[in-house]
Amino acid sequence: MRLLQTLIEEEWPDRAIIFANTKHRCEEIWGHLAADGHRVGLLTGDVAQKKRLRILDEFTRGDLDILVATDVAARGLHIPAVTHVFNYDLPDDCEDYVHRIGRTGRAGASGHSISLACEEYALNLPAIGPILVTQFPVSKYNPGRIDDRSAKTAAPHAPAHRQWSASYWRSA
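Quick note, my numbering runs 81 ahead of the 1-based positions in the sequence shown.
See the structure below:
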């Protein structure tokens, strides 16, 4: 999580989508970013359709800078001017990867796609690699550049996030 937060602060995207493979991971990312003061929305399959449309509208209007989503936002949605896509988790297959990164750089605009590969999802790299024209540039991020948030700072956000997250689904 610290690496993602540092990348967001370094890149400072105008409009970014962060993809994760599960709703629980999305909730975790959303909670951390919201606690950090980012204008962030959450789109997963559990979010009611009416609320999804409202969140997408807020993101499109620029009221939200970051959208954290499962693959529910990877296909069929036209969201203009997305400057960055972050794959917090690598998807299981190449089609999902292509649809995710296809949310940025649309209609001739430039865009950035950054994929994080932890030990759990690095095994998905071989499934994605064959369809790419270029290879993944692999970089080992300097741990000294990662914003070091102490456990004291992170701990107070967790219980509040769990409470807010639980009520998030019921409001529309």
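We put the beta carbon where it would ideally sit given N, CA and C, even for glycine. This one's a predicted model, so the numbers in the text were calculated from it and none came from an experiment.
CA-to-CA distance, residue j to residue i, given in whole angstroms
i: Ile160; j: Thr141; result: 6 Å
i: Arg133; j: Ala154; result: 10 Å
i: Leu88; j: Leu114; result: 12 Å
i: Asp170; j: Glu91; result: 20 Å
i: Trp111; j: Ile195; result: 18 Å
i: Val166; j: Arg184; result: 7 Å
i: Val128; j: Asp138; result: 14 Å
i: Gly143; j: Glu109; result: 22 Å
Continuous alpha helix (DSSP H) stretch holding residue i: start and end
i: Gly192; result: Neither: Gly192 is in no alpha helix (DSSP H) and is coded neither H nor E.
i: Val179; result: 175 to 182
i: Ala115; result: 104 to 116
Contact under 7 Å by Cβ, residue i with residue j
i: Ile98; j: Val163; result: yes
i: Ile147; j: Val179; result: no
i: Ala101; j: Leu124; result: no
Residue closest to residue i, alpha-carbon to alpha-carbon, out of the options
i: Gly117; options: Leu85, Leu124, Gln130, Ala129; result: Note on identity: in this sequence residue 117 is Asp, with Gly being the wrong assignment. Ranking the options by Cα distance to Asp117, first place goes to Leu85.
i: Gly126; options: Glu109, Ile136, Lys104; result: Lys104
i: Leu197; options: Arg187, Pro172, Glu108; result: Pro172
Which residues DSSP lists as bridging residue i, in chain order
i: Gly122; result: Leu148
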